[in-house]
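Visitor: Once you've had a glance at the structure underneath, I'll fire off some questions.
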Amino acid sequence: MRYIISVAIASMAATAATAEVPRVVTDFAPAQGLVAMVMGGLGSPEMLLEQGANAHDFQLRPSQAAALADADLVVWMGPEMSPWLDRSLDGLDGGAELRLLAVEGTHLQPFGDSAPHDHTDHDDHTDHAEHEDHDGHGTEAVDDHDHDGMDPHAWLDPANGMHWLDAIAAELARLDPENAATYAANAASGKTRITEADADLAQQLAPLHDRPFVVFHDAYGYFTAHYGLTLAGSVAAGDATSPGAAHLKELQEAAGSTALCLFPEAGHDPKLLAQMAELTGVKLGGALDPEGVTVAPDAGAYLAVLNGVADTLLACLAEG
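Heads up: the sequence shown begins at 223 in this note's numbering, then just goes up one per residue.
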């Protein structure tokens, strides 16, 4: 009987400890991967965006809306990237939220800015997000993913990914102080992993600096700036809306004279780029996946996105 009681008490203690770990919801794969890195074995965040879905335009199912309402913490990019989630959060009396694009010290840049940036000092970034209120909605959106405004695809700069790990760890520690040391250690380990992957990618991508290419939509400015790549243009705007005929004609002429590869994108119809490749004779590369719509939603998701973009570029451009 004493053994049974001891087991029951131990089980209750374990259950209580588990219950204290915050219930975390994320919007899509890059945020999911970063949060999963920090939580480690303590828990698993729930990702709202289904694999294959478009991060710019998504409708929550009732079960996902319920998970959002029950969450202690919502970690997401922000309304500039996921306006559908901003609408869903309005009026909810749920837990805290952490907008990654609004984290103080985040490097932000406008659409079309693919010039290389120096990340040796994180505080010298050309533009920073304002510090957000933990329980509020942070800063107001710069725009609703406007092509002329701030580019929200900031996770494609690994310096931002590393910076956000600390912000995620701090917010989890605020909600769950007993596990603060674990969150901090996991964030430090995650930064080491990203640093090592970043150095490897920089070495692999260095030979591609003078090899221009065209992409489906304007989502790669952070990646090309960070790794010094030459982006010749994009078919669609930053929100992946359909391009006009005049823009397509201009891009087709430019691509035919300068681009070495045309890259479609996972989750979007490749027809336009396939037609452009046929008309110009420019090689059609594999489908890029900047939002991780094809990657597993686990602790490896963030690095899988970065590595996947690099591998797809290398597969076509390295042959040019």
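Don't be surprised by glycine CBs; every beta carbon is placed ideally from N, CA and C. Only a predicted model underlies this, so the values are computations on that prediction, with no experimental measurement involved.
Using C-beta distances below 6 angstroms, list every residue in its chain close to Leu282, excluding the 5 sequence neighbours before and after it, in chain order.
Guide: Closer than 6 angstroms at the Cβ level, and outside the excluded window around Leu282, lie Ser310.
Visitor: Quick one: is Leu270 buried, meaning 16 or more other Cβ sit within 10 Å of its Cβ, or exposed?
Guide: Label assigned to Leu270: buried.
Visitor: Considering just the uninterrupted stretch of the alpha helix (DSSP H) at Phe280, what are its terminal residues?
Guide: Per DSSP, Phe280 belongs to no alpha helix (DSSP H) and is neither H nor E.
Visitor: Provide the residue span of the beta strand (DSSP E) that contains Arg321, from first to last.
Guide: Run containing Arg321: Ala318 to Arg321, per the beta strand (DSSP E) assignment.
Visitor: Using CA atoms only, rank isn't needed, just tell me which of Val457, His375 and Ala406 is closest to Thr446.
Guide: For Thr446, the nearest C-alpha among the options comes from His375.
Visitor: Phe333 by DSSP, collapsed to three states: which one?
Guide: The answer is coil: DSSP assigns Phe333 none of H, G, I, E or B.
Visitor: Compare the C-alpha of Ser456 against each of Pro267, Gly334 and Asp294 and name the closest.
Guide: Comparing Cα positions, the closest option is Gly334.
Visitor: Which of helix, strand or coil does DSSP assign to Val247?
Guide: Correct three-state label for Val247: strand.
Visitor: How close, in whole Å, do the beta carbons of Leu484 and Leu495 come, if the pair is a contact with beta carbons under 8 angstroms?
Guide: Between Leu495 and Leu484 the Cβ distance is about 5 angstroms, and since that is below 8 angstroms, they are a contact.
Visitor: Of all the beta strand (DSSP E) runs that stay within the bounds of the region 507 to 535, which reach a length of 3 or more residues?
Guide: Runs of the beta strand (DSSP E) inside the region 507 to 535: none found.
Visitor: For Phe445, list the residues DSSP reports as bridge partners.
Guide: According to DSSP, which records beta bridges pairwise, Phe445 is partnered with nothing at all.
Visitor: Excluding sequence positions up to five away, which residues of its chain have a Cβ less than 7 angstroms from the Cβ of Ala543?
Guide: Past the edges of the chain, shown from 223 to 542, lies residue 543, and the structure says nothing about it.
Visitor: Rounded to whole angstroms, how far is the Cβ of Pro544 from the Cβ of Met372, which I believe are closer than 8 angstroms?
Guide: Limits of the chain in this structure are 223 at one end and 542 at the other, which puts residue 544 out of reach.
Visitor: If we count Cβ pairs, one from each stretch, closer than 8 angstroms, do we get three or more for the region 242 to 253 versus the region 403 to 417?
Guide: Flag = no, the region 242 to 253 and the region 403 to 417 do not touch.
Visitor: Mind checking which residues open and close the beta strand (DSSP E) that includes Trp298?
Guide: Trp298 -> beta strand (DSSP E) spans Leu295 to Trp298.
Visitor: So is Pro244 buried or exposed if we call it buried at 16+ other beta carbons inside 10 Å?
Guide: Buried: at least 16 other Cβ atoms inside 10 Å.
Visitor: Rounded C-beta distance between Glu302 and Leu323? I'm assuming under 8 angstroms.
Guide: So it is a contact: roughly 6 angstroms between Cβ atoms.
Visitor: Using the rule of at least 16 other Cβ atoms within 10 Å of the residue's Cβ for burial, across every protein chain shown, is Val288 buried or exposed?
Guide: This sequence places Ala at residue 288; Val is not what is there. Ala288 should be labelled exposed.
Visitor: Do Ala402 and Ala395 come within 8 angstroms of each other at the CB atom, strictly closer than that value?
Guide: Yes.
Visitor: Taking its Cβ as the centre, do 16 or more other Cβ atoms sit within 10 Å of Glu487, making it buried, or is it exposed?
Guide: So Glu487 ends up on the buried side.
Visitor: Straight-line CA distance for Gly489 to Phe280?
Guide: Approximately 12 angstroms, taken between the alpha carbons.
Visitor: When you compare the region 376 to 395 with the region 252 to 269, are there three or more beta-carbon pairs, one atom per stretch, that lie closer than 8 angstroms?
Guide: The region 376 to 395 is in contact with the region 252 to 269.
Visitor: Once DSSP output is grouped into helix, strand and coil, what is the label at Val504?
Guide: Three-state result, Val504: coil.
Visitor: Rounded to whole angstroms, what's the CA-CA distance from Ala258 to Ile390? Just pull it up for me.
Guide: Those two C-alpha atoms are separated by around 10 angstroms.
Visitor: For Cys483, list the residues DSSP reports as bridge partners.
Guide: DSSP output for Cys483 lists Phe435 and Lys505 as bridge partner(s).
Visitor: Please state the DSSP three-state secondary structure of Ser285.
Guide: Three-state result, Ser285: helix.
Visitor: Just confirm the distance between the C-beta atoms of Gln197 and Leu536, as a whole number of angstroms; I'd bet it's less than 8 angstroms.
Guide: This structure cannot settle anything about residue 197, because the visible part of the chain is limited to 223 through 542.
Visitor: What separation, rounded to the nearest whole angstrom, lies between the Cα atoms of Met384 and Ile416?
Guide: Straight-line Cα distance between these residues: approximately 7 angstroms.
Visitor: If you draw a straight line from the alpha carbon of Val504 to that of Gln497, how long is it in whole angstroms?
Guide: Val504 and Gln497: Cα-Cα distance of roughly 10 angstroms.
Visitor: Just confirm the distance between the C-beta atoms of Ala521 and Gly255, as a whole number of angstroms; I'd bet it's less than 8 angstroms.
Guide: Confirmed, about 6 angstroms.
Visitor: Can you tell me whether Ser304 is buried or exposed? The criterion is at least 16 other CB atoms within 10 Å of its CB, across all chains shown.
Guide: Classification of Ser304: buried, given that the 10 Å Cβ count is 16 or more.
Visitor: Between which two residues does the beta strand (DSSP E) containing Leu453 stretch?
Guide: Where Leu453 is concerned, the enclosing beta strand (DSSP E) stretches over Leu453 to Ala458.
Visitor: Enumerate in chain order the residues of its own chain whose CB-to-CB distance from Pro512 is below 8 angstroms, with the five nearest sequence positions on each side excluded.
Guide: Same-chain partners within the cutoff: His375, Leu378, Ala441, Tyr442, Phe445, Glu487, Val527 and Val531.
Visitor: What does the Cβ neighbour count give for Thr414, buried or exposed, with the cut at 16 atoms within 10 Å?
Guide: Its Cβ having fewer than 16 others within 10 Å, Thr414 is exposed.
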